[in-house]
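In the UniProt record's numbering, the protein residues as written are 1 to 583. All C-beta atoms, glycine included, are put in the ideal place defined by N, C-alpha and C. Computed from a predicted structure; not experimentally measured.
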Amino acid sequence: MTPLPSRPASSSARGATPSIFGLGAAPRARLKRFLLLAAGLGAGAWLWGWLSVDESGQPVAQSSDEPSLEIEGLQSLMVRRDGLPFWEFSARRVTTDSSGTSTLATGGGHAQLFRQGQPFLKVSAPRVRFSNLSSNLEASGGVSALGPDGFSFQTARALWRNAEKTVDCPQAVTARLRGLYFQTPRLSYLWDKGVLRCPQSVEVRGQGVVLRGKKLEAILKPRIVKLSEGVEMVFDPRSTQVALPGMIQTAADKNGPRDSSNVSNAMKIRPSLPLGVCLTTSALFAAVYAQGAKKPAPKAAAKVPAAPSTIQNGNVRLNGENGDFNDATGIGHLTKNVTVTQVGEDFILYAQDLLYNRKENRAIATGNLRVDTADSTIRGARIDADFDTKTIIITGNVTITTHGKKDGIIGNREDLRAKLQQKPARILCERADWDYEERQATITGNVRMTQEENSGTCERILYDEPQHVAQLIGRVRFVDKNGRIFNTPNLTIYINQSRIVAKNPRMGFNRPSNAVSQPQAPKVPVLKVQPPPQISNEDLKQFDVKPPPLPTPRPEPTEIPTPAPAEPDTAPESESAASEPAA
């Protein structure tokens, strides 16, 4: 007889403590593993979510080099937003990554940005990557772009940021705004506002002009360039256009026109992932369609004008703290600590506000004006400068100070004795026309001139700086240090010699201020004007002899009688008898 199997022992002995949730050891182990797995999955999901957004909470585009869809020989790839064209691509090869977040165009790709459904900006680059999440675009490998208002640029790498509506070029850039060409280490283009910004040093070249500054902001439509933090402008209307290497030229321009026979009109689609993944990824191209028409590449830039030289004679050089230049009107404006020079000419103009007309080669300056020449310093309220005729007109409370030096602003190299002998002259007037090429001036309007104790007035002065000669013309009245008054139609002053030469003068004298006043006899009225007395040279010598002082106390009269004067026809020629006073 076969024995019955023994009954297994109970899992819970009588009186033993039951397990948690009534489970045994094996179920508890399985539950523990399940909870750990769930916790790990939750932590992984949280980490993935944290890594999938940037600092602003926007999703981060995840790209992969492994394509899910590849298109060769693409003629047109259109991306739409709200039913309107947004971006259009054409390239030899277009791929989308496995995550479906970015599209890459390589092999001489071209892209076109649309604004309100209209073509706005064209891009040409060997490599173009478009983010499907942020709608940003990155072009690299030698980027050329052509925008509105005659704006274009060339750089190694450019980033189109859709949210900010800007294009950032973090590397060296060469840009063009119609007739102006920019070279700067970094550039930002705000396409929605039509503003170009260069936060670092920049050089702008144009026809007959070069602008330099530490910062720049350009408004594209009116073609106004604003510079700050140290501005230099050099103008030369005679400059010509020359070709410079490294300017804007697209890849299509370098390789010639594309041959349509090399590209099949039918796109070659080569899936590199399973069909299910490809079908899922193809949903990203719902707004994409192919066209057979070929899109033109950006045109090449024109030849760039040569920068005007700072050492070529005749070029006008302007420096200041801030400035702007309007390329449409040719007007430049500088403010704060402005200096103006012309290469080959010996003058410096200082001002606080200056307007320069490039077409007329003229300037108007105001504010704390000063002109330093080889020997003179000129101040006034307004300056009109013509750099073609080489004339500076100073008006309004004009003051001219000249020293009779030989080398002026270059530096006086004469010895101390020569410096002490030079007597500075000062001229006050309402207008001075200064020919800085010939170094001559015509001074008019309430003219007054002083040199130490000498002073004079006239209608106008012709001043010759190289000869240190001032010619006073028209109703001249000049008073020298000895009190002599010259009334003459023409008087010449040799400034460095402190010498005057009068033409047909009428002379008079001023009574010295320290002369003792004597009681005057009452004037007898006359019926007619008497002619002026004729004074001989011998009589003039008496004014140089001072009268002897009166002795104190007064001496007693002498016993020697004073001889009576003889008759005029027999009077002796004795100087002592005529000059000694009677006792």
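Report all residues from its chain with a CB closer than 6 Å to the CB of Ala-156; omit the five preceding and five following residues, and keep chain order.
Gln-171
Looking at the unbroken beta strand (DSSP E) that takes in Ile-348, where does it start and where does it end?
348–357
Quick one: using the 10 Å Cβ neighbour count with 16 as the cut-off for buried, is Leu-113 buried or exposed?
So Leu-113 counts as buried.
Strand pairing of Val-476, partner residues [DSSP]:
Thr-488
Look at Tyr-436 and Glu-345 and say whether their C-beta atoms are less than 7 Å apart.
yes
Just how far apart, CA to CA, sit Ala-91 and Gly-107?
Each residue's Cα considered, the two are about 6 Å apart.
Pick helix, strand or coil for Pro-27, following the three-state DSSP scheme.
Judged by DSSP in its simplified three-state form, Pro-27 adopts helix.
Measure the alpha-carbon distance for Asn-162 versus Thr-395 and round it to whole angstroms.
55 Å
Count the other CB atoms, across all protein chains shown, that sit within 10 Å of the CB of Asp-327; report buried if there are 16 or more and exposed otherwise.
Around the CB of Asp-327, 16 or more other CB atoms lie within 10 Å, so the residue is classed as buried.
Could you check the C-alpha separation between Arg-212 and Pro-148 for me, to the nearest Å?
24 Å
Can you tell me which residues form a DSSP beta bridge with Gly-456?
Met-449 and Phe-478
List the endpoints of the continuous beta strand (DSSP E) containing Ala-139.
137–146
State the CB to CB distance for the pair Arg-129 and Leu-104, rounded to an integer number of angstroms; the pair is presumed to be in contact (CB under 8 Å).
5 Å
Any contact of the region 381–391 with the region 444–456, i.e. 3+ C-beta pairs under 8 Å?
no
Specify the secondary structure class of Leu-318 as computed by DSSP and reduced to three states.
strand
Within 7 Å, strictly: CB atoms of Asn-454 and Asp-480
yes
When you compare each of Leu-196, Gln-200, Thr-401 and Asp-388 to Ala-218 by their alpha carbons, which one comes out closest?
Leu-196
DSSP three-state call for Asn-496: helix, strand or coil?
helix
Quick check on DSSP: helix, strand or coil for Lys-226?
strand
Return the first residue and the last residue of the beta strand (DSSP E) that Ala-175 is part of.
173–177
Based on DSSP bridge pairs, tell me the residues matched to residue 587.
The structure shown does not extend to residue 587, since the chain is modelled only from 1 through 583, so no value can be given for it.
So for Leu-159, helix, strand or coil by DSSP?
Correct three-state label for Leu-159: strand.
Pick from Pro-119, Pro-126 and Ala-45: whose alpha carbon is nearest that of Val-79?
The shortest C-alpha separation from Val-79 is found at Pro-119.
CA nearest to the CA of Thr-101, picked from Leu-180, Ser-131 and Gly-109
Of the listed residues, the one whose Cα sits closest to Thr-101 is Ser-131.
Cβ neighbour criterion (16 or more within 10 Å) applied to Phe-34
exposed
Indicate the three-state DSSP secondary structure (helix, strand or coil) for Lys-503 in the structure shown.
strand
Measure the CB-CB distance between Leu-318 and Val-340 and report whether it falls below 7 Å.
yes
At which residues does the beta strand (DSSP E) containing residue 585 begin and terminate?
Lying outside 1 to 583, the shown extent of the chain, residue 585 is not represented and no answer is given.
Within 6 Å: the Cβ of Ala-385 and any heavy atom of the ligand MG?
Among the components of this structure there are no ligands whatsoever, and the ligand MG is therefore not found.
When you compare only the Cα positions, how much space is there between Ser-498 and Lys-423?
7 Å
Applying the criterion that 16 or more other CB atoms from any shown protein chain within 10 Å of the CB defines a buried residue, is Ala-432 buried or exposed?
buried
Separation of Thr-166 from Phe-153, as counted between CA atoms:
Approximately 14 Å between the Cα atoms of the pair.
So, helix, strand or coil for Lys-165, using DSSP?
Lys-165: coil per DSSP, three-state reduction.
Leu-84 in three-state terms, based on DSSP
strand
Under the DSSP definition of a beta bridge, which residues are partnered with Leu-190?
Thr-166 and Val-195
Specify the secondary structure class of Arg-212 as computed by DSSP and reduced to three states.
strand
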